[in-house]
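Numbering (numbering that gives the first Met the number 0), first residue to last: 0 to 349.
A short write-up of the structure that comes next.
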Amino acid sequence: MSVLLLDILSRRLPLKALSLVQWDQLLRSAREAEVLGRIAQLRSEQPALEVPPFAHNLLQSVGVQVEAQRRAVRYEVECLEAVFKVSAIPHLYLKGTAYLLAGSANARGRLFSDVDLLVAEAQLEEAECLLRDHGWVSSHANAYDQQYYRRFMHELPPMVHMKRRTVLDLHHNILPRTSRRVPDASRLFASALTLPSGVRVPGPVDLLLHCATHLFHEGEVKQGVRGLVDIDLLFRQLAPEQRLQLFGRAQQLYLERSLYYALHFSQRYLDTPLDEAEQKRLERIKPGLPVRLAMDWLYRSVFEVEADRPRSMRGQLCELLVYLRGHYLRMPLYRLIPHLVRKGLKPKGA
């Protein structure tokens, strides 16, 4: 099935080929999938391209928003570095912040909602106290949520700065404590990159694996297309020697299944270029046929975003099942069922 948004993001269809109706559909689909910034970036790469006035105005506005957020994130990193300068706590920036700091292709056109930071679990309490002393407070006052995050999750409840109102997610791993197989976070620190500015981010292979893990472990629906674009762009910018390391690194971190889904779907929807050897390695880590068919069915609703298409019962069911799958991967059933009953089986944002 051809989906306009995916055809544009994969560059199978050039922007210059769009009709007025298609421009309208594209922008509404991109807004729904939270990739308007990416469309604005694609447009900025073709300054001579004539676009309808309504599209030009919207994409110009999004471009201004993107630049403002990039400046805000860089300033937030400066503030955090000043805080951590007084301590000896090693820390890495993750996800969108890491993409921006490392100059990754998927940082261009990106809109940000928070800053993600990783510290060793042994220093989590010290880091939290340090941040609290500098104006960061927990955004969750609910005692159950506090206990849930601190006992089971890979991060603390989101923290908000009292003056700047920026949001910080403080991680000690990239998967919850209760996951079936939890990566050794010290491996992320061991292979981290120190950038010229002195800040540290995971290496390129680990950035890709974390992105894949976030997309296929979190029950992510709303930002599914953005996650897939991240995977495609992160893979394309890997050096040849890094691509050789990818599958072995996934095995070390117990993330082979996430890597399989990431490359399987990005190849299907965005034409991510795997060579013959990589394709063979991907085939070796694929799950059984029933699981593959089920995942293809579930994630079709996540990735095939079309603003004009009514939200069907099938789509709603798939979103619920993706959400439940994400929770099932986080914790065993004897903990999961009481938690879901407590939370009312409501997906985030519902």
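Just so you know, even glycine gets a beta-carbon here, dropped at the ideal spot from N, CA and C.
A quick note: this is a predicted structure, and the numbers were derived from the prediction, not measured.
Residues bridged to residue i by DSSP?
i    : result
W135 : H160
V114 : L167
V200 : L192
E154 : H170
Three-state secondary structure (DSSP) at residue i?
i    : result
V166 : strand
M0   : Unreliable placement is indicated for M0, whose pLDDT of 47 sits below 50; the coordinate value is still reported in the next sentence. DSSP places M0 in coil when its eight states are reduced to three.
A349 : Confidence in A349 is poor, its pLDDT being 42 and thus under 50, which makes the residue's placement too unreliable to answer from.
E33  : coil
E219 : coil
E125 : helix
E305 : coil
N141 : coil
D205 : helix
L335 : helix
L17  : coil
S28  : helix
I38  : helix
G62  : helix
R299 : helix
I7   : helix
E44  : coil
S185 : helix
T212 : helix
V72  : helix
A119 : coil
V85  : coil
L57  : helix
Please say whether residue j and residue i have beta carbons closer to each other than 8 Å?
i    : j    : result
H326 : L339 : yes
F264 : L233 : no
N141 : H153 : no
K15  : L57  : no
P156 : S138 : yes
A184 : L117 : yes
L174 : T212 : yes
L91  : P201 : yes
A125 : I88  : Rather than Ala, the amino acid found at residue 125 in this sequence is Glu. Taking 8 Å as the Cβ cut-off, E125 and I88 qualify as a contacting pair.
Y253 : R180 : yes
L187 : D168 : no
V76  : L100 : yes
S28  : E305 : yes
I230 : A261 : yes
S86  : L17  : no
S103 : Q236 : yes
G36  : V61  : yes
Q352 : P203 : The question about residue 352 has no answer, for the chain in this structure spans 0 to 349.
F151 : R131 : no
Nearest by alpha-carbon distance to residue i: which of the options is it?
i    : options                : result
L4   : L25, V72, S178         : L25
R225 : R176, W135, V301       : V301
M158 : P289, R180, D113       : D113
R163 : E120, L187, A71, Q146  : A71
Q122 : R248, H209, H170, I284 : H170
E31  : K221, T212, R324       : K221
Q59  : P156, G287, Q40, R341  : Q40
R11  : A87, L117, V2          : V2
V82  : M294, V198, R280, H209 : V198
V65  : I38, E277, R235        : I38
S196 : A97, L187, R256, E120  : A97
P52  : E44, L19, G314         : L19
L110 : E125, P46, E33, S103   : E33
M330 : R235, H216, L320, A238 : H216
L323 : V136, Y259, R69, L297  : L297
W135 : R310, C78, P289        : C78
L243 : E275, C210, Q45        : E275
M294 : Y259, A54, Y74         : Y259
E303 : S43, R150, Y268        : Y268
V50  : G343, W22, G36, Q68    : W22
H133 : R149, P182, Y148, M161 : M161
Heavy atom of the ligand PLP less than 7 Å from the Cβ of residue i, yes or no?
i    : result
A211 : As for the ligand PLP, it is missing from this structure, which has no ligand bound.
In terms of residue numbering, what span does the beta strand (DSSP E) encompassing residue i cover?
i   : result
L91 : 91-93
Could you pull the start and end residues of the alpha helix (DSSP H) that residue i belongs to?
i    : result
P51  : Where P51 is concerned, there is no enclosing alpha helix (DSSP H), given that its DSSP letter is neither H nor E.
D231 : 223-235
R329 : 312-329
L260 : The sequence shown places Tyr at residue 260, rather than the Leu named in the question. It spans 255-269 - the alpha helix (DSSP H) in which Y260 sits, taken as one unbroken run.
P239 : 239-251
L281 : 275-283
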